[in-house]
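Here the structure is laid out as structure tokens; the discussion comes afterwards.
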Amino acid sequence: MANQEIINKYYLGLDCSSKAIHGVVIDQNEEIIAQYKWGSKSKDFEGRFHQFSREFLAELSTIKHTLLLRNNMLAAVESAIFIQNPKATISIASVIGVVRFVCDILEIDCCFVDNTKWKKDIVGKGNASKKEIKQYAIDKWGEVFTEQDFADAACIALWKKQEDINGTKE
Numbered sequence: 002m003a004n005q006e007i008i009n010k011y012y013l014g015l016d017c018s019s020k021a022i023h024g025v026v027i028d029q030n031e032e033i034i035a036q037y038k039w040g041s042k043s044k045d046f047e048g049r050f051h052q053f054s055r056e057f058l059a060e061l062s063t064i065k066h067t068l069l070l071r072n073n074m075l076a077a078v079e080s081a082i083f084i085q086n087p088k089a090t091i092s093i094a095s096v097i098g099v100v101r102f103v104c105d106i107l108e109i110d111c112c113f114v115d116n117t118k119w120k121k122d123i124v125g126k127g128n129a130s131k132k133e134i135k136q137y138a139i140d141k142w143g144e145v146f147t148e149q150d151f152a153d154a155a156c157i158a159l160w161k162k163q164e165d166i167n168g169t170k171e
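Take the sequence shown: its letter number 163 is residue 164 in my numbering, and every next letter is one higher.
Shown next as structure tokens:
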């Protein structure tokens with residue numbers, strides 16, 4: 002029975018921007034199960050924020066219900082990074098806060114992970130470039146990413162899986 006629980010565990014990696022939330026779910030075998038994007042084309046952050054935050058809540062609830070009928074999910078979201086534009090930094094931090102809050106409401110264990118931490122642990126270099134991250138993800142999972150942010154989210158999910166297996170916290 003314990004082995005069954007390990008096989009049925011899922012890991013959700015989340016990468017946020019002021020325009021969208023990208024999520025990738027991997028299983029215990031590190032296979033990609035699904036890729037999700039919650040976003041908006043609205044030019045105004047306030048309009049985008051309300052739209053994709055509500056969609057994230059509704060769809061993550063459905064995803065959790067579908068996967069957790071018999072399984073377990075853990076999540077990690079990339080921590081906010083300081084951007085020289087304070088308005089952009091605040092916007093991204095707001096999105097990340099909503100992601101953690103929604104996960105908490107849905108009883109999904111979700112932690113923050115610093116971008117340099119997951120990059121070092123997964124790609125091998127804390128300051129890995131977007132190109133290096135995408136290449137790592139393609140080498141591991143193939144040409145399945147339509148956007149860079151999906152590759153980032155997949156690597157964050159992989160970091161969460163390894164953190165769960167190794168029992169270490171940031």
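All C-beta atoms, glycine included, are put in the ideal place defined by N, C-alpha and C.
message = I'd like to know if the region 100-110 and the region 140-151 are in contact, where contact means that at least 3 CB-CB pairs between them fall below 8 Å.
response = no
message = For E133, which residues in the same chain have their Cβ closer than 8 Å to its Cβ, ignoring the five residues on either side in sequence?
response = Along the sequence shown, read from residue 1 onward, the residue named residue 133 stands at position 132. If we look at E133 and ignore the five residues flanking it on each side, its Cβ neighbours are V124 and K126.
request  = Please work out which residues of its chain come closer than 8 Å, Cβ to Cβ, to D219, disregarding the five sequence neighbours upstream and downstream, and give them in chain order.
outcome  = Residue 219 lies beyond the stretch modelled for the chain, which goes from 2 to 171, so this question has no answer here.
inquiry  = Runs of 3 residues minimum, wholly inside the region 21-59: which ones carry the beta strand (DSSP E) assignment?
reply    = 21-28 and 33-40
ask   = Do you know how far the Cα of E148 is from the Cα of I97?
value = Within the sequence shown, the letter at position 96 stands for residue 97. Within the sequence shown, the letter at position 147 stands for residue 148. Going from the Cα of I97 to the Cα of E148 covers about 19 Å.
inquiry  = Count Cβ pairs between the region 47-67 and the region 82-89 that sit closer than 8 Å; are there 3 or more?
reply    = no
ask   = By how many angstroms is the C-alpha of T67 removed from the C-alpha of W119?
value = Taking the first residue of the sequence shown as position 1, residue 119 is located at position 118. Taking the first residue of the sequence shown as position 1, residue 67 is located at position 66. Approximately 28 Å between the Cα atoms of the pair.
task = Under 8 Å by Cβ, that's how I've got V26 and A77 pegged, so tell me the actual separation to the nearest angstrom.
result = Counted from its first residue, the sequence shown places residue 26 at position 25. Counted from its first residue, the sequence shown places residue 77 at position 76. At roughly 12 Å, the Cβ-Cβ gap does not stay under 8 Å, so V26 and A77 are not in contact.
task = Quickly, what does DSSP pair Y11 with across the bridge? List them, please.
result = Indexing the sequence shown from 1 puts residue 11 at position 10. BP columns for Y11 point to D28 and M74.
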